[in-house]
Amino acid sequence: MRALFAALILAAAPLGAMAQTQPPPNAGERPEAAAPAESANPGETAKSDETAKSAETAKPAEPDRAKRLDALFAALKAAPDEESAKAIAARIDVALTPSGSDTADLLMARASQATQAKKFDLAVELLDGLLAIEPDYLEAWNKRATVFFLRQDFSNALIDLRQVVAREPRHYGAWAGIAIICKEIGDEKRSLEAARHALALYPHLGEIKDLEEELSIKVEGRPI
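Letter by letter, the sequence shown follows residues -19 to -1, 1 to 205 in mature numbering (1 follows the signal peptide of the UniProt record, and there is no 0).
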């Protein structure tokens, strides 16, 4: 079960190249912004300001991301087979992972590297710092839940996964994680409920289908 949980919600380390070329910020601190270079020409300064404003305006709008996710989740639910569902799920994972903040993305990359190296205390420290500056960053909660699970801290893993589904109720990976942890701690009724949440979103999630079938017999009895 532990291997299944990690496979379901342990995200791959993002921004690996970025992490190699930039020093990591302290876990709980924002890096100080670099002071702008002085210019002897006021016109150049004004032009730079206009360029910065244009760049901000060019950033993708949040409603566009929301619409894209809506379409992807709908496609996942309607996927005709496991292979196509996996491809759609991979696109959802990519859409959910970026935070929109370079600092947060770098901390996430460092936490992913620490997790892969089994430096779980360091990973939690980095994710604590990340959530202090980006408390609504969905995948930071998800990642920290994974680390807690790998440390067999099931209570804190569940707390973090519930933070994930409170922010994004369609996060099938978090529901799957809740199902697996509840099974691990002997709460089969809640495990079954969470498994069904996951399958309602991702019907071709094979391992969770097997879990749901097993638990439905144990919890509700074999159908006559």
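C-beta: ideal position from N, C-alpha, C; glycine also.
The structure presented is a predicted model; accordingly, all values stated were derived computationally and were not measured.
**Item:** Among Ala138, Glu149, Lys58, Leu103, the one whose alpha carbon lies nearest that of Thr78
**Value:** The shortest Cα separation from Thr78 among Ala138, Glu149, Lys58, Leu103 belongs to Glu149.
**Asked** Mind checking whether Ser172 and Leu139 have CB atoms under 7 Å apart?
**Response** Inclusion of Ser172 and Leu139 in the CB contact set at 7 Å is not warranted, their separation being larger than that value.
**Message:** Rounding to the nearest angstrom, what Cα-Cα distance links Gln94 and Asp86 in this structure?
**Reply:** Each residue's alpha carbon lies about 12 Å from the other.
**Asked** Since Leu186 is in the alpha helix (DSSP H), which residue starts that stretch and which ends it?
**Response** For Leu186, there is no enclosing alpha helix (DSSP H), as DSSP gives it neither H nor E.
**Message:** Which residue wins for smallest C-alpha separation from Arg177, given the options Leu131, Asp51, Val105, Leu192?
**Reply:** It is Leu192 whose Cα lies nearest to the Cα of Arg177.
**Asked** How should residue 225 be labelled, buried or exposed, when 16 other C-beta atoms within 10 angstroms of its C-beta is the threshold for buried?
**Response** The chain is shown from -19 up to 205; residue 225 falls before or after that span and cannot be answered.
**Prompt:** Over what stretch of residues does the alpha helix (DSSP H) that includes Gln133 continue unbroken?
**Reply:** No alpha helix (DSSP H) holds Gln133; DSSP gives it neither H nor E.
**Request:** Buried or exposed for Lys124, please, with buried defined as at least 16 other CB atoms from any protein chain shown within 10 angstroms of its CB.
**Result:** In the assembly as shown, Lys124 is a buried residue. Its beta-carbon has 16 or more other beta-carbons within 10 Å.
**Item:** Same chain only: Cβ atoms within 7 Å of Ala160, ignoring 5 sequence neighbours per side
**Value:** The beta carbon of Ala160 is closer than 7 Å to those of Ser172, Ala175, Ala176, Ala179, Ile189, Leu192 in its chain, skipping five residues each way along the sequence.
**Item:** Cβ-based neighbour list, Ile69, same chain, cut-off 7 Å, excluding 5 preceding and 5 following
**Value:** Result list for Ile69: Leu53, Ala56, Leu57, Ala60, in chain order.
**Asked** Starting from Asp102 and walking both ways along the alpha helix (DSSP H), at which residues does that stretch end?
**Response** In the DSSP assignment, Asp102 falls within the alpha helix (DSSP H) that extends over 101 to 114.
**Buried/exposed call for residue 207, threshold 16 Cβ in 10 Å** = Shown here, the chain extends from -19 to 205; a query on residue 207 therefore has no answer.
**Request:** Within 10 angstroms of the Cβ of Val200, are there 16 or more other Cβ atoms? Answer buried if so, exposed if not.
**Result:** Burial call: exposed.
**Alpha carbon of Asp168 to alpha carbon of Gly154, nearest angstrom** = Distance between the alpha carbons of Asp168 and Gly154: 19 Å.
**DSSP three-state assignment for Ser80, whether helix, strand or coil** = Residue state, collapsed to three classes: coil.
**Message:** Considering only the alpha carbon of each residue, which of Lys48, Leu107, His185 lies closest to Thr84?
**Reply:** Checked all of Lys48, Leu107, His185; the closest Cα to Thr84 is Leu107.
**Message:** Taking the alpha carbon of Val146 as the reference point, which residue from Gly110, Arg91, Gly158 has its own alpha carbon closest?
**Reply:** Distances from the CA of Val146 to each of Gly110, Arg91, Gly158 were compared; the closest alpha carbon is that of Gly158.
**Request:** Given a cut-off of 7 Å, decide if Phe130 and Ile166 are closer than it, judged by their beta-carbon atoms.
**Result:** No, they are not a contact pair.
**Message:** I'd like the list of long-range same chain contacts for Val46, defined as Cβ closer than 8 Å, with 5 residues on each side in sequence excluded.
**Reply:** It is worth fixing the name first, because residue 46 is Arg in this sequence and not Val. Excluding sequence positions up to five before and after Arg46, its CB lies within less than 8 Å of the CB of Ala76, all in the same chain and listed in chain order.
**Item:** Inter-residue CB distance, Leu111 and Ala98 (contact presumed, cutoff 8 Å)
**Value:** Actually they are not in contact, since the Cβ atoms of Leu111 and Ala98 sit about 17 Å apart, beyond 8 Å.
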